[in-house]
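**Q** The structure is given below, and queries will be raised subsequently.
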Amino acid sequence: MTSFASSGLPLPRSPWRELPAALAPVLRSRIEESTTDMVQAIRREIGGYRHPVSSAVGRDLTVAVRAAATQFADLIEDPDAPQEHYAAAFRRLGRLEYANGRALDDLHASYLVGARVACRGYVAAARAAGLPGDIAVPLSEAVLTHVHAMARESTRGYEEARARSGDEVQRNRRTLAGRLLERRPDPAGEPLDHLARRARWPLPRTLACVTLRPATELPPELPGLDDDILTLFRGGELHLIVPDITAADGARLARLRTTVDGRGAVLGPSVAPQQAWVSLHCARLALRRLQRPGDPRLLVAADHLGELHLLGGAHVGRLLADQVLAPLGTLPEGKAERLADTLDALLMSEGRTAPEVAAALGIHAQTARNRLRQLTALFGDRLADPGFRLDALIALRTKAVLRATEPA
Numbered sequence: 001m002t003s004f005a006s007s008g009l010p011l012p013r014s015p016w017r018e019l020p021a022a023l024a025p026v027l028r029s030r031i032e033e034s035t036t037d038m039v040q041a042i043r044r045e046i047g048g049y050r051h052p053v054s055s056a057v058g059r060d061l062t063v064a065v066r067a068a069a070t071q072f073a074d075l076i077e078d079p080d081a082p083q084e085h086y087a088a089a090f091r092r093l094g095r096l097e098y099a100n101g102r103a104l105d106d107l108h109a110s111y112l113v114g115a116r117v118a119c120r121g122y123v124a125a126a127r128a129a130g131l132p133g134d135i136a137v138p139l140s141e142a143v144l145t146h147v148h149a150m151a152r153e154s155t156r157g158y159e160e161a162r163a164r165s166g167d168e169v170q171r172n173r174r175t176l177a178g179r180l181l182e183r184r185p186d187p188a189g190e191p192l193d194h195l196a197r198r199a200r201w202p203l204p205r206t207l208a209c210v211t212l213r214p215a216t217e218l219p220p221e222l223p224g225l226d227d228d229i230l231t232l233f234r235g236g237e238l239h240l241i242v243p244d245i246t247a248a249d250g251a252r253l254a255r256l257r258t259t260v261d262g263r264g265a266v267l268g269p270s271v272a273p274q275q276a277w278v279s280l281h282c283a284r285l286a287l288r289r290l291q292r293p294g295d296p297r298l299l300v301a302a303d304h305l306g307e308l309h310l311l312g313g314a315h316v317g318r319l320l321a322d323q324v325l326a327p328l329g330t331l332p333e334g335k336a337e338r339l340a341d342t343l344d345a346l347l348m349s350e351g352r353t354a355p356e357v358a359a360a361l362g363i364h365a366q367t368a369r370n371r372l373r374q375l376t377a378l379f380g381d382r383l384a385d386p387g388f389r390l391d392a393l394i395a396l397r398t399k400a401v402l403r404a405t406e407p408a
């Protein structure tokens, strides 16, 4: 395709030829305003795009809308100018929709919403610039022609991606991956276990997310990736969802390192499937803030939860508390709470002695000594490790804050 004007659309003429060239600079001067108006309307009206503007979906949407507004001004200026670079961008948008496990319905609906907002804004701008009043009809026709062409190219890209995939199970797995990574999934959506069955992917007890450094194109193949690992390309980043991986699973971790080493990647902590977004949040935060530029090795976020908590908030704090205070989880609730209070008093004391702990808790010194012996049996030499003491104190404080702020 060399130009939309000669692209074979079923129109008796090119509507851009009926528009004055003076309209191009008028529209070009308000591209950012037009982009904002269209993005806001699309996010408001199309459920699939109700993501924050700063999210991967929001960024993709904004880039696509800005490209459409820019191309429209270019077409008014020169209807015969080559447009293949724009056509390629809209085909890529279709490929992204497929790669993210979405149908084309939302994308096509967003084109119609954008067209409605664009028609209103463009006609108002033309009239404000003193252009002829009868410009509304050819301008609206040009917008609709443009939308038709964009939708056709996006469909072409989507079908190309689907043809390359050639496997409905893979599409279902991408849909499942997208659902797993949603922080607040639509309660009316298909249940997670149903999606997993269609994807032939048994829901694991735990999973962990891997994120790789952003790429400018669709992700290349990752040879050696285990068959049960889900993949999702979103916002220029490739995410992996790895079922049932633990630090004790040396073979699984070694295979993953072999596959992603050299690409700059972070493995998030293992979580329940419903908390997959927390694992991804940790991985992305570590990729941005902890992994050194140029370091190609796989970074394990679970080794840095204390730092990530300081950077990322209470959700990471819960994981830190579960990890650092795990020995207390084997005890009856009442005993665990008493020893947690004792550990907190110990960490906050200056000399870490039984009398100080007893005074802080208002208990007898011998009771404090008994509890300290139990803590030593549970945590051993870690009680003398400054790194552990910091993590434990953060974890205890996090649990206290969450206990005080969350509903019973």
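Everything in the sequence shown is counted per the UniProt record's numbering, starting at 1 for the first residue and increasing by one. The beta-carbon is built from N, C-alpha and C at its ideal position, and this holds for glycine as well. Note that this is a predicted model, so its numbers are computed, not measured.
#1: Runs of 4 residues minimum, wholly inside the segment 294–361: which ones carry the alpha helix (DSSP H) assignment?
#2: Is it right to say T145 is buried, meaning 16 or more other beta carbons lie within 10 angstroms of its own, or is it exposed?
#3: Count the C-beta pairs between the segment 264–278 and the segment 308–327 that are closer than 8 Å, then say yes if the count reaches three, no if not.
#4: Strictly by DSSP, which residues pair up with I241?
#5: Run through DSSP, which three-state label would V39 get?
#6: Just the C-alpha distance for C119 and A109, rounded to the nearest angstrom, thanks.
#7: So within the segment 117–168, which uninterrupted alpha helix (DSSP H) runs reach at least 4 residues, ignoring any that extend past its ends?
#8: Under the rule that 16 or more other beta-carbon atoms within 10 Å means buried, what is L391, buried or exposed?
#9: If I follow the unbroken beta strand (DSSP E) through L267, where does it start and stop?
#10: Could you give the DSSP three-state label for S270: helix, strand or coil?
#11: How about Y49 and L104: do their beta carbons lie closer than 8 Å?
#12: If you drop the 5 nearest sequence neighbours on each side, which residues of the same chain put their C-beta closer than 6 Å to that of R91?
#13: Out of A265, M348 and R352, point me to the one whose CA is closest to L393's CA.
#14: In whole angstroms, give me the CA-to-CA distance for V260 and I241.
#15: Distance, Cα to Cα, D341 vs L256?
#16: Would you identify the three-state DSSP class for V26, choosing helix, strand or coil?
#17: Would you give the residue range spanned by the alpha helix (DSSP H) that G58 belongs to?
#18: Within 10 Å of its beta-carbon, does S34 have 16 or more other beta-carbons around it, so buried, or fewer, so exposed?
#19: With the cut-off set at 8 Å, would you say L339 and R373 are in Cβ contact?
#20: Here's the rule: buried if 16 or more other CB atoms are within 10 angstroms of the residue's CB, otherwise exposed. What is P273?
#21: Going by the CB atoms, is the gap between L325 and L375 shorter than 8 Å?
#22: Can you tell me which of the three DSSP states G250 falls into?
#23: Would you call the segment 170–179 in contact with the segment 193–201, where contact means no fewer than 3 C-beta pairs closer than 8 Å?
#24: Just verifying my parser: in three-state terms, what is the DSSP assignment at S279?
#25: Can you find the residues in the same chain that come closer than 8 Å, C-beta to C-beta, to G235, ignoring five residues on each side of it along the sequence?
#26: Is the beta carbon of A89 closer than 8 Å to that of V26?
#27: Which word fits E307, buried or exposed, when buried means at least 16 other C-beta atoms lie within 10 angstroms of its C-beta?
#28: For the alpha helix (DSSP H) that contains N370, what are its first and last residues?
**A** According to the structure data:
#1: 305–312, 314–324, 333–348 and 354–361
#2: Reading the sequence shown from its first residue, position 145 is the one you call residue 145. Buried, because 16 or more other Cβ atoms sit within 10 Å of the Cβ of T145.
#3: The segment 264–278 vs the segment 308–327: in contact.
#4: Looking up residue 241 in the sequence shown gives position 241. Per DSSP, C209 and L230.
#5: The sequence position of residue 39 within the sequence shown is 39, counting from 1. Note: V39 maps to helix in three-state DSSP.
#6: For this step, residue 119 is matched to residue 119 along the sequence shown. For this step, residue 109 is matched to residue 109 along the sequence shown. C119 and A109 have their alpha carbons spaced roughly 16 Å apart.
#7: 136–165
#8: Sequence index remark: in the sequence shown, residue 391 carries index 391 (1-based). One detail in the question is off: residue 391 reads as Asp in this sequence, not Leu. Classification of D391: buried, given that the 10 Å Cβ count is 16 or more.
#9: Residue mapping note: residue 267 aligns to position 267 of the sequence shown, counting from 1. Where L267 is concerned, the enclosing beta strand (DSSP E) stretches over A265 to L267.
#10: As a working note, residue 270 is residue 270 in the sequence shown. Coil at S270, not helix or strand.
#11: Numbered from its first residue, the sequence shown carries residue 49 at position 49. Numbered from its first residue, the sequence shown carries residue 104 at position 104. Result no, Cβ atoms of Y49 and L104 do not sit closer than 8 Å.
#12: Taking the first residue of the sequence shown as 1, we reach residue 91 at position 91. If we look at R91 and ignore the five residues flanking it on each side, its Cβ neighbours are E153, R156 and G157.
#13: Counting from one through the sequence shown, the residue named residue 393 turns up at place 393. When each option's Cα is compared against that of L393, the closest is M348.
#14: Here the question's residue 260 lines up with position 260 in the sequence shown. Here the question's residue 241 lines up with position 241 in the sequence shown. So the alpha carbons of these two residues sit roughly 13 Å apart.
#15: On the sequence shown, position 341 is the one that residue 341 refers to. On the sequence shown, position 256 is the one that residue 256 refers to. So the two alpha carbons sit approximately 40 Å from each other.
#16: Along the sequence shown, one-based indexing puts residue 26 at 26. DSSP places V26 in helix when its eight states are reduced to three.
#17: The sequence position of residue 58 within the sequence shown is 58, counting from 1. Start and end: A56 to E77.
#18: Along the sequence shown, one-based indexing puts residue 34 at 34. Burial call: buried.
#19: On the sequence shown, residue 339 is found 339 positions in, with the first residue counted as 1. On the sequence shown, residue 373 is found 373 positions in, with the first residue counted as 1. Their beta carbons are not under 8 Å apart, which means L339 does not touch R373 by this criterion.
#20: One-based indexing of the sequence shown puts residue 273 at position 273. Answer is buried; the Cβ neighbour count reaches 16.
#21: Translated into positions along the sequence shown, residue 375 becomes position 375. Translated into positions along the sequence shown, residue 325 becomes position 325. Going by C-beta atoms, L375 is not nearer than 8 Å to L325.
#22: Position 250 of the sequence shown holds residue 250. Note: G250 maps to helix in three-state DSSP.
#23: yes
#24: Walking along the sequence shown from the start, residue 279 turns up at place 279. Looking at S279 - three-state DSSP - the assignment turns out to be helix.
#25: Numbered from its first residue, the sequence shown carries residue 235 at position 235. Taken in chain order, the residues that qualify are S55, A56, V57, R59, D60 and P214.
#26: Taking the sequence shown and counting its residues from 1, the one referred to as residue 26 is at position 26. Taking the sequence shown and counting its residues from 1, the one referred to as residue 89 is at position 89. No, these two residues do not count as a Cβ contact at 8 Å.
#27: The residue given as residue 307 occupies position 307 in the sequence shown. Its Cβ being crowded by 16 or more others within 10 Å, E307 is buried.
#28: Sequence index remark: in the sequence shown, residue 370 carries index 370 (1-based). That run of the alpha helix (DSSP H) goes A365 to F379.
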